[in-house]
Amino acid sequence: MCDRVVGEGGGFQATGAAARMYHPNVLSPPEACPALVLNADYTPLSYYPLSLWPWQTAIKAAFLERVDIVAEYDRVIRSPSFEMKIPSVIALRQYVRPASHPAFTRFNLFLRDRFACQYCGAGHDLTFDHVVPRAYGGRTTWENVTTACAPCNLKKGGRTPAEAHMSLHQRPFQPATHHLQENGRGFPPHYLHDTWRDYLYWDTELLA
Ligand SMILES: [Zn+2]
């Protein structure tokens with residue numbers, strides 16, 4: 001890993017000093033050092049998926065003066081003409097207005113429903129359900145598609161929730177970007193570099 005890594009579930013952890021005790025070949029290549037990308041207001045460009053750029057892209061953007069380097073890994077890359085630390089956090093110089101309405105995709109739909117079946121709450125074996133069945137003219141839209149586990153989907157079949165005597169935890173709706181970002185905070189990625197924490201909302205102390 002790049003230097004200090006905070007992982008979930010007992011993932012690899014090493015401080016910069018500890019990492020340097022190992023032979024360099026044991027360390028991961030620089031491809032594993034993504035930069036957290038912040039908007040010009042120093043909030044993440046997106047939470048879920050977390051806005052990360054490969055280190056090559058981050059360095060290129062820094063050279064083009066499109067971003068400021070906010071924090072760095074201990075890891076240094078060298079070429080014959082220069083050397084620099086790999087950026088771990090960068091901020092765009094120009095503010096990018098987030099889209100107010102996210103795209104209607106499978107992933108975003110699951111995220112709106114917090115990866116849980118809207119009939120029974122199960123968090124696995126997830127599929128999509130047309131609340132008003134397609135055979136009844138139900139459309140494939142934010143307002144008519146919900147997350148359902150396979151057993152609930154099977155049980156409901158081609159019926160409406162009323163016909164199937166099943167109730168929804170939440171009526172399907174078109175989410176705003178901030179809804180998905182809020183939900184996304186509940187699902188932090190496995191890899192969080194130390195320098196990212198100041199810019200994210202996954203600090204456990206803040207949640208306490
Ligand atoms: Zn279910």
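The sequence shown begins at 1 in our numbering and counts up by one. For every residue, glycine included, the Cβ atom is placed at its ideal position computed from N, Cα and C. Computed from a predicted structure; not experimentally measured.
Span separating the alpha-carbon of residue i from that of residue j
{"i": "VAL76", "j": "GLN94", "result": "27 Å"}
{"i": "TYR48", "j": "GLN181", "result": "6 Å"}
{"i": "ALA35", "j": "ASP198", "result": "14 Å"}
{"i": "TRP53", "j": "ASP41", "result": "18 Å"}
{"i": "ARG171", "j": "ASN153", "result": "16 Å"}
{"i": "LEU64", "j": "LEU92", "result": "11 Å"}
{"i": "TRP196", "j": "GLN174", "result": "30 Å"}
{"i": "ARG139", "j": "THR57", "result": "40 Å"}
{"i": "LEU200", "j": "PRO161", "result": "39 Å"}
{"i": "PHE110", "j": "GLU72", "result": "34 Å"}
{"i": "PHE187", "j": "SER46", "result": "13 Å"}
{"i": "ILE59", "j": "HIS179", "result": "32 Å"}
{"i": "LYS155", "j": "HIS130", "result": "13 Å"}
{"i": "LYS85", "j": "SER79", "result": "12 Å"}
{"i": "ARG112", "j": "CYS33", "result": "29 Å"}
Coil, strand or helix - residue i by DSSP
{"i": "PHE187", "result": "coil"}
{"i": "LEU45", "result": "coil"}
{"i": "GLU65", "result": "coil"}
{"i": "PHE128", "result": "strand"}
{"i": "ALA71", "result": "strand"}
{"i": "LEU200", "result": "coil"}
{"i": "ASP194", "result": "helix"}
{"i": "ARG139", "result": "coil"}
{"i": "PRO87", "result": "strand"}
{"i": "ARG78", "result": "strand"}
{"i": "CYS152", "result": "helix"}
{"i": "ALA58", "result": "helix"}
{"i": "LEU50", "result": "coil"}
{"i": "ALA35", "result": "strand"}
Anticipated Cβ contact below 8 Å, residue i with residue j, distance rounded
{"i": "SER100", "j": "THR177", "result": "6 Å"}
{"i": "ASN183", "j": "ARG114", "result": "5 Å"}
{"i": "VAL37", "j": "ILE90", "result": "6 Å"}
{"i": "PHE104", "j": "TRP142", "result": "6 Å"}
{"i": "SER88", "j": "HIS193", "result": "5 Å"}
{"i": "ALA61", "j": "VAL67", "result": "4 Å"}
Near ligand 3: residue i beta-carbon under 6 Å from a heavy atom
{"i": "ALA176", "result": "What this structure holds is ligand 1, not ligand 3."}
Residue i at chain B interface by Cβ criterion, 7 Å
{"i": "ASP41", "result": "Absent here is chain B; the protein component of the structure consists of one chain."}
- Query: Residue ranges of each alpha helix (DSSP H) run of no fewer than 4 residues wholly in the region 156-180, ordered along the chain?
  - Reply: Entirely contained in the region 156-180, the alpha helix (DSSP H) runs reaching 4 residues are, in chain order, 161-164.
- Would you check if the region 139-149 and the region 114-126 touch, i.e. whether three or more CB-CB distances between them fall below 8 Å? With contact defined as three or more Cβ pairs closer than 8 Å, the region 114-126 and the region 139-149 are in contact.
- Item | Given 8 Å, three or more beta-carbon pairs between the region 159-171 and the region 108-122 | Yes: at least three Cβ pairs fall under 8 Å.
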